[in-house]
Structures are given as C-alpha cells and as structure tokens.
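Note that the numbering used here has the sequence shown beginning at 1, numbered continuously upward. Down below is the structure, laid out as structure tokens.
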Amino acid sequence: MDFSMAARLRGLPQPATIAVAQRARALKAAGADVISLALGEPDFPSPPEAVEAAYEAGKRGDTRYPPVGGQPALKAAVIAKFRTQNGLDFAPEQILVANGGKQIIFNAFMATLDPGDEVIVPAPYWVSYPLIARMMGGVPVEAPCRDADGFRLSPDVLRAAITPRTKWLVLNFPNNPSGAIMERPDLEALAEVLREAPRIWVLADEIYEHLTFGGRPHASLAAVAPDLADRIVTLNGMAKAYAMPGWRVGFAGGPLPLIRAMTEVQSNATSGVCTLAQAGAAAALGSPFERVAAMRDVYQARRDRVVAALRDMPGVACAMPDGAFYAYPGLAGLIGKVSAGGRPIGSDLDFSEALLEEAHVAVVPGAAFGLSPHVRLSFAASDAQLDEAMRRIGRFVAGCAATG
Ligand SMILES: Cc1ncc(COP(=O)(O)O)c(C=O)c1O
C-alpha cells in the first residue's frame, strides 16, 4: 500500500543538521578521524546516586504504572528545587513530569495550539520549538536576537512580533545555541511588554539554568514577574545540568488548568515516565549540588579556551557565551571565500560541509537554528578533542582565500 503521511507532517522542514550528521557518520565509517562538536549532550557520567536509586527502585518492585503526572517523591523533589533554586511555589498538581523537557513542549503545544495560532520563537532557537509548533498546526514566528544585543531578546523585537494570533512566547535562556542569558532587568523589560498582551502563554525553558558562567545568576521569569505566573510554564529537566539525557526525565511547573490539560495529553501518549528513571531523577535532585557546580566550572574553562582560539581566527567573530555549553561564532568574514580544497563558502552550511570534508570536524550550521551565518560548536567534549578541533578549524579558516 502507498504510504501517505498525515497532513500535519507534510512540509515540515528538514533540519539543516541532517546532511552534516549523515556525512560525518559516513566519514567515520570509512575510517576518518572525525571530531564531532555537533552534539548537545553532556560528556559526564550521571550521578551515582541516580544509578543507585534506580537500581533500588527496581529491586523493591517499584515497577507498576506511575501516576501520569509523576511519582509523588519526584514531584516533591521538583517542588523543593523550584522553591529553593528559583523562588517559585507550586502545589503538586501544578507539576508535570514528562519524558524529557521535549515532551513538556509537545504536551503544552498539543494542549493549546489551534491551526494558525502563532508561537513566537526568538532566533537563534533550539530546533524543536518551531518543528513541534508546526506539527500541531501552529505557525512559528521568528523574533531575531541580534549579535549586537548579545543574542538577548529585546523588548522592541518582542513587541513587534506580537499579533492577535500570538498564543505562545518561547524563552530559552541560557540559550541553545547562542549561550546568551537574560538577567533580571532584561526579563523585567520583557514582562512589561507581556503585560500589554494578556492572552499570551510563556514557555520558559530553563534547562541550562545551572550552566551560567562567571557567577552570573540565573533568573526565572515567573519569579521576576509573579503577576504573570498564571500564564508561565517553567520547564527544566535532568538532561543537561545532571548529565542524565538518556533517562528521559523533564518537568515543568505552571498554572493548574494548563498543567491539567498537558497531563491529559501525556495520559494518551505515554501514561507517564519510567518509574526507575523517576526514582533516579529524585535522587539526583537531592544529591550534592557541588557536583553540578564542578561540571559547570569545567564547561567554563572549556568555553574560555574555545572562545580564545576562535577569536584568533581571521574572519571569525565569537561572542562570549554566558551560559549553556555552546559557542556560536559568526562567519560573515568568511562568506564569499573559497576553502583550500576549492569549495566556495557561500553560507554557514557550505562552511560546515567543507570543514567536515577537509578538516574532519563536525559542527552545526546556524541555518538549523534560524540565525546565519554562524555555526554552533558544543564544548561538551574533552580538552584534548577541543584543542585538536580548534587546531583543525584554525588551519581550515587560514586556508580560506578570497576569490578572484
Ligand atoms: C533548549 C533545550 N530545551 C530542552 C531540551 C530537551 O531536553 P530533554 O528532552 O533531553 O530533557 C534541549 C535538549 O537538547 C534543549 O537544548
């Protein structure tokens, strides 16, 4: 029988990451020594407390269906985390535990978006926001966060993006891919704009909150503007700060009617999250915070060496990321040149492809994140890998020459 895809999936754009990832795999399979800085995945082990707790949960037979919205012990740990770390107070019914932060977004959009509803997605953005919005019939509206604004969302840009069809604003700071953060005064300015538009929900994706550098504090929008808390969903999860991406545990706190509707969606999708993973997540949230701080310090040291190396490369301009574990250098000075291997560099996709072919380093073109010409480099890699990657990129960039 012919396969006919559902209309909601037709026309979904292919992320610009796919070609580069496929080629990197092929080169590796052919024996090339490829260094990948393309992944957004911590290179640290999960906390031993989490592993132990998951094992113990299995041994004591904690293997029945969980409550859809989350195990009481994990909800209690999440409530304590939001209270002590973010200044946010939630009742257990206002918390939803999902299969990763990603499912929180999926649930939220599925529960609220009607065809044609608009979702403001500040660019650069994590690829999943516009894709999930489109799957639900929504229309992503990009709000550019310019290099000159430190990749922060300016109140004027937000105001200009709002229309009568706007249903959501997505805020992701510290940001993937730019590493930008928004501090209290920045969020206060956005809150002013949101007060003028009372129908808009806000998804505050704070999954990188603990990975801020130089002692810069993270601020949660719902704590900065408590009068808006009845329309803010604060998303977080175990994948980044706790190095637990494979456990698939994310969570959110938000207004009761919305969390109820999101839980309803989840009930029909997954019936909740693996009980053993939830036990592990609860233990990790209660484990010594120094471990998270130690990982953050390692990321910060790597950031410093990566950014210093990039800034030494002619034609490359690199803003200092204040959070997350990515650098997002601009390539405007290289566009129009030709690589040493004869490949024209007309875009960040061209740059990524040529870099992979000629220097065997995989990075993600900025086109995937809605802001070009940039590339995203992850520094969730060892010092040795980072140093070698920087040497290779440096040689590649030095070999790029003007045409004619
Ligand atoms: C900004 C952002 N939000 C959410 C997620 C989702 O994480 P997970 O579904 O693994 O919890 C990611 C993962 O890459 C991310 O970068």
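Every residue, glycine too, gets a C-beta built ideally from N, C-alpha and C.
| First and last residue of the beta strand (DSSP E) that includes K75? | Where K75 is concerned, there is no enclosing beta strand (DSSP E), although the alpha helix (DSSP H) it sits in stretches over P72 to K81.
| field | Collapsed DSSP secondary structure at I104 in the structure displayed | value | helix
| message | Quick check on the DSSP output: the beta strand (DSSP E) that includes I232 runs from which residue to which? | response | Unbroken beta strand (DSSP E) run through I232: I232 to G237.
| field | Inter-residue spacing [alpha-carbon to alpha-carbon] between H218 and D2 | value | 51 Å
| query | Taking 7 Å as the cut-off, does the CB of K435 come closer than this to any heavy atom belonging to ligand 1? | reply | Outside the displayed span of the chain (1 to 404) sits residue 435, for which this structure offers no information.
| task | Find out if the Cβ-Cβ distance for the pair G250, L235 is shorter than 8 Å. | result | yes
| field | Close Cβ partners of Q94 (< 8 Å) along its chain, the five nearest in sequence each way excluded | value | Taken in chain order, the residues that qualify are G253, G254, P255, L256 and I259.
| message | I'd like the ranges of any alpha helix (DSSP H) spanning at least 4 consecutive residues and lying wholly in the region 302 to 361. | response | 348 to 359
| task | Check the C-beta distance from A143 over to L153 and give it rounded, since I have them as a contact under 8 Å. | result | 6 Å
| request: With a 10 Å radius around its C-beta and 16 neighbouring C-beta atoms as the bar for buried, classify N268 as buried or exposed. | output: exposed
| said: Between the alpha carbons of M231 and E388, how many angstroms are there, rounded? | reply: According to the sequence provided, residue 231 is Arg. The question's Met does not apply to it. In a straight line, the C-alpha of R231 is about 46 Å away from that of E388.
| Reduced DSSP secondary structure (H/G/I, E/B, other) of V68 | Residue state, collapsed to three classes: coil.
| field | Bounding residues of the alpha helix (DSSP H) (the contiguous stretch that carries T275) | value | For T275, the enclosing alpha helix (DSSP H) has its first and last residue at T275 to L285.
| Given M468 as reference, the closest of A53, I105 and A76 once Cα atoms are compared | Past the boundaries of the shown model lies residue 468; the chain is included only from 1 to 404, so the question cannot be answered.
| request: Give a single yes or no on whether W126 has its beta carbon closer than 7 Å to a heavy atom of ligand 1. | output: yes
| So A223 is in the beta strand (DSSP E); what residue range does that whole segment cover? | Counting along the chain, A223 falls outside any beta strand (DSSP E), though it belongs to the alpha helix (DSSP H) covering L221 to V224.
| said: Does the beta-carbon of D205, which I'm using as the reference point, lie nearer than 7 Å to any heavy atom of ligand 1? | reply: yes
| Pick from R184, F151 and A284 that is closest to P45, judged by C-alpha positions | A284
| said: On the DSSP bridge list, what partners appear for N172? | reply: D205
| query | Ends of the alpha helix (DSSP H) at R195? | reply | For R195, the enclosing alpha helix (DSSP H) covers residues R184 to R195.
| field | Outcome for K240 when other beta-carbon atoms lying within 10 angstroms are tallied against a minimum of 16 | value | buried
| query | Would DSSP call I120 helix, strand or coil? | reply | strand
| message | One question on the structure: do A277 and G87 come within less than 8 Å of each other, judged by their Cβ atoms? | response | No, Cβ-Cβ distance for A277 and G87 is not below 8 Å.
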